Amino acid sequence: MLFEREGAEVSLGPTLRKLVTAAKFNPSLPYLSFLCINFDAPVVQEAASWFLDAVFLNYNSSYLERMLEQMLDEGDSREVTRFLRAVDVRIDGFRVERAPEWRGQRVFVRHEMGGKAYELRLSEESAGTQKLMGLAAYLMTALERGGTVVVDELDAKLHPKLLRYVILLFKDLEVNKSGAQLIFSSQDVSTMRNDVFRRDEIWFAARGEGEASQLWSLADIHEANGNLVSKNAAFDKQYLSGRYGADPYLTRIEEWD
């Protein structure tokens, strides 16, 4: 551990205790940014590089189309196609067309049916297929070369079984030989199971005081008897029963005006 921060309080790990001298710290600044600005040390730069090298993805149709255009320009068409076929999305390739009046490029998806070939604009594919196409190259690149992929709302537009498939790709050492990491947020609890995740891999977020988000790990939650949640527990069922917190606060609307 390099450091642990709770609000304005920072606890340093042994490595940083030897390095960090008394320096004024602005609590509004991320502590890692503070370290990078004030201390030129390999351990600090290595931690910062992890964030700089990570790929952060957010689901947005136009953004994913631009993302896919870039990947196809870099020659990853075969990788994208291979991944999509593995998840039963039947396509036969892509074509990127450029025209000045478009102010950029358009991606066309090739299909074959009944011995005939035809194309659709990427925007004409289903939302789930569009998302998979945009994610595919980044996921495949991470699995082959290593690295970290961070995805907001990974479950959006994806079938629960497909979501599970993507997660398990990263947990399969035969596939993920380079130690790639997948970090994502999700509203889907069907994958919150002990045969998919360890307790320390599941984190919860909820609004705290002042509307600030609070995070905690399933590995730190204690049962009523004082014991930690069992590694064999039904995480999804216990979460839905309210035992882990991070529940939305729902109230009944008494009157409609």
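Each residue of the sequence shown is one higher than the last, beginning at 63 in the numbering used here. Glycine included, C-beta positions come from ideal geometry on N, C-alpha and C. None of these values were measured; they are calculated from a predicted model.
Q. Count the other CB atoms within 10 Å of the CB of Thr143; is the residue buried (16 or more) or exposed (fewer)?
A. buried
Q) Does the pairing of the region 207 to 227 with the region 174 to 187 give three or more beta-carbon distances under 8 Å? A) no
Q: Using only the heavy atoms of the ligand PLP, determine whether one of them is closer than 7 Å to the beta carbon of Asp309.
A: As far as ligands go, the structure on display features none, and thus does not contain the ligand PLP.
Q: Could you tell me the distance, in whole angstroms, from the CA atom of Thr210 to the CA atom of Gly272?
A: 31 Å
Q. What residue from Phe297, Phe101, Gly75, Lys80 has the CA that sits closest to Phe87's CA?
A. Phe101
**Q.** Euclidean distance between Cα positions of Arg207 and Val171
**A.** 26 Å
Q | Distance between beta carbons of Tyr200 and Val149, contact taken as under 8 Å | A | Going by Cβ atoms, the distance from Val149 to Tyr200 rounds to 15 Å, so no, they are not a contact pair.
**Q.** Beta-carbon proximity list for Phe65, same chain, < 7 Å, skipping 5 on both sides
**A.** Val72, Ser73, Leu74, Gly75, Leu78, Tyr93
Q) Counting Cβ pairs, one atom from each stretch, are 3 or more of them under 8 Å apart for the region 249 to 261 and the region 287 to 307? A) yes
Q. So, Val212 versus Ile245, is the Cβ gap smaller than 8 Å?
A. yes
Q | Length of the line joining the Cα atoms of Ile229 and Asn287 | A | 32 Å
(Q) Can you list, in chain order, the residues of its chain with a C-beta nearer than 8 Å to that of Gln276? Leave out the 5 residues immediately preceding and following it. (A) Ala267, Ala268, Arg269, Gly270
**Q.** Ser279: first and last residue of the uninterrupted beta strand (DSSP E) it sits in
**A.** 275 to 279
Q) Taking the alpha-carbon positions, what's the Phe297 to Met175 distance? A) 43 Å
Q: Indicate the three-state DSSP secondary structure (helix, strand or coil) for Leu64 in the structure shown.
A: coil
Q | Complete runs of the alpha helix (DSSP H) confined to the region 246 to 290 [at least 4 residues] | A | none
Q) Are Thr203 and Leu225 closer than 8 Å when you measure CB to CB? A) no
Q. Taking all protein chains shown into account, do 16 or more other C-beta atoms lie within 10 angstroms of the C-beta of Val320, making it buried, or fewer, making it exposed?
A. In the structure as shown, the chain starts at 63 and stops at 319, and residue 320 therefore has no counterpart that could be examined.
Q | Buried or exposed by the 16-neighbour rule on C-beta atoms within 10 Å, applied to Lys178 | A | exposed
**Q.** Inter-residue CB distance, Glu159 and Arg168 (contact presumed, cutoff 8 Å)
**A.** 5 Å
Q | Where Leu225 sits in the DSSP three-state scheme | A | helix
Q | Residues near Val82 by beta carbon distance below 7 Å, same chain, minus five either side | A | Leu74, Phe101
Q | Cβ-Cβ distance between Phe156 and Ser139 below 8 Å | A | yes
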